[in-house]
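Numbering (my numbering), first residue to last: -14 to 26. Written out below as structure tokens is the structure these notes cover.
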């Protein structure tokens, strides 16, 4: 068996990515205008 040591930042990233011991409270959609859609010819 292989053991890998991780620092706090990596541990936090792994916990969030794998939803371990956390629950989702609020989610936001961030949108931007697609300027290619509005191109005039």
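Cβ atoms here follow ideal geometry from the backbone N, Cα and C, with glycine treated the same way.
_Between residue 17 and chain B, is any beta-carbon pair separated by less than 8 Å?_
Within the model displayed, chain B is absent; a lone protein chain is all it includes.
*Could you name the residues of the same chain whose beta carbon sits closer than 6 Å to that of residue 8, not counting the 5 residues immediately before and after it, in chain order?*
none
*In this structure, does DSSP put residue -14 in helix, strand or coil?*
coil
_Considering just the uninterrupted stretch of the alpha helix (DSSP H) at residue 7, what are its terminal residues?_
Residue 7 -> no alpha helix (DSSP H), and no H or E assigned at all.
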